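Asks: Residue numbers (this note's numbering): 728 to 952. Note that CB positions come from ideal geometry on N, CA and C, so glycine has one too. Given the structure is predicted, the values throughout are model-derived calculations rather than measurements.
#1: Check the DSSP bridge columns for residue 782 and list the partner residues they point to.
#2: When DSSP labels each residue in this structure, what does residue 835 get in the three-state scheme?
#3: Which first and last residues belong to the beta strand (DSSP E) in which residue 847 is found?
#4: Can you give me the C-alpha to C-alpha distance between residue 735 and residue 782, rounded to a whole angstrom?
#5: Closest to residue 890 by CA distance: which of 851, 903, 904 and 787 is it?
#6: Would you check if there are 3 or more beta carbon pairs closer than 8 Å linking the stretch 806 to 819 to the stretch 855 to 863?
#7: Using only CA atoms, which one of 753, 844 and 902 lies nearest to residue 772?
#8: Taking the DSSP output, what are the residues bridged to residue 789?
#9: The alpha helix (DSSP H) spanning residue 892 covers which residue range?
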């Protein structure tokens, strides 16, 4: 199988359950929104092919479980990340207060070489609810927190309306791109991967290649425990 020059960028989306992580990912990758999402158990991993500055790269977006009882994913799901996206619901203060916990959790699990400068992006989601009248986390408050953590980029989004989602992920992709050197990747590396546990408890997974080849076995093992 012939190889080609392609960037493979891994992005992790973290945040409390119900903040809209899955909705944001699906809005960006598939341009779809549904009110029928269930709590993600394990991880949902989608890919999108991106063109930037005359180069092609594959953006791998990992939507991990938000509930603490599902936080047994292990190091494999965090390892190799090029950017971490922290999501909160602007209508739920607790989800905002927990951003610091999610940030620390990522740094512990991923163990990046340069934790002080590892790229994060924060999304304040669900700004469409009740016309914005029910929000409890102001844009000013969110931006102040981001500034205190090294001027993390901040976007307010609506996965339901698609507002600012494309712009947010463009920023995420550019930041991830700066954090990842170019490498040779087989064509098979562009294959979409989805990993989750369905209602019956069965694990569905499509094999992941390239830099996640080693994570596949670990991930399936983690979900089988």
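Replies: Once the coordinates are examined:
#1: In the chain shown, residue 782 corresponds to position 55, counting from 1. DSSP output for residue 782 lists 779 as bridge partner(s).
#2: Taking the chain shown and counting its residues from 1, one reaches residue 835 at position 108. Looking at residue 835 - three-state DSSP - the assignment turns out to be helix.
#3: As a first step, residue 847 is located in the chain shown; it is residue number 120 there, counting from the start. Run containing residue 847: 847 to 852, per the beta strand (DSSP E) assignment.
#4: Here residue 735 refers to the residue found at position 8 of the chain shown. Here residue 782 refers to the residue found at position 55 of the chain shown. One C-alpha to the other measures close to 12 Å.
#5: Stepping through the chain shown from its first residue, residue 890 is reached at position 163. It is 851.
#6: yes
#7: Your numbering for residue 772 matches position 45 in the chain shown. Nearest C-alpha to residue 772: 753.
#8: Working through the chain shown from its first residue, we reach residue 789 at position 62. Residue 789 pairs with 739 and 772.
#9: As a position in the chain shown, residue 892 is number 165, starting the count at 1. Residue 892 -> alpha helix (DSSP H) spans 892 to 905.
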